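A.B. asks:
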Amino acid sequence: MEGDAEQLCSAWTEREVRKAFLELACGKSPGQDGLPKELVEAHWDLLGKPVMEAARSFEVIAELSAAVKTAATVLLHKKGPIDWLQNYHPISLLNTLYKVVAKVMANRAAPAQGEIGNQQEGYWAAGVPWS
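In our numbering, the protein residues as written are -8 to 122.
1. Measuring CB atoms only, is the stretch 59 to 67 touching the stretch 79 to 90, in the sense that at least three cross pairs come out at less than 8 Å?
2. On the DSSP bridge list, what partners appear for alanine 63?
3. Leaving out five residues on either side along the sequence, give the residues of the same chain with a beta carbon under 6 Å from the beta carbon of leucine 38.
4. Report yes if the C-beta distance between leucine 26 and lysine 94 is below 8 Å; otherwise report no.
5. Nearest by alpha-carbon distance to cysteine 17: which of Ala33, Pro102, Ile82 and Thr4 is it?
6. Apart from the five residues just before and just after glutamate 5, which ones in its own chain have a Cβ nearer than 7 Å to its Cβ?
7. Going straight from the alpha carbon of alanine 101 to that of lysine 69, what length do you get?
8. What does the Cβ neighbour count give for glycine 22, buried or exposed, with the cut at 16 atoms within 10 Å?
9. Would you mind sorting alanine 11 into buried or exposed? The rule is 16 or more other CB atoms within 10 Å of its CB.
Written as structure tokens, this is what we have:
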């Protein structure tokens, strides 16, 4: 568990941030930042440095700016008459940097999830039995 703690707390590398970008789903609408994953991925040579600076600023202050945390909520029509509200469902369009920060943290926590899951109340993870 101690090695896991070191892994969770070590400085983020460009490799793991880029890996997080590559693992994001393709074809998703971007949030208010307007940056689709595919754009950042295709132009990593130009955008990689600013992305790393933003990720490192999160690491240092342990808080995302309001602009990064802001999600755009939109209603998507499911089926049926378009004038019935119950025929829509809301989705939140998250900013790409927010998704990457969450993915890096999830990737780092994944190796320890079995141990964490057994120690934390209200935690659930796939493959971890209920106590």
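Beta carbons are placed, not taken as given, at the ideal position from N, Cα and C, and that holds for glycine.
No experiment lies behind these values; they were computed from the predicted model shown.
C.D. replies: Here's the rundown:
1. yes
2. Leu84
3. Val31
4. no
5. Ala33
6. Gly39 and Met43
7. 34 Å
8. buried
9. buried
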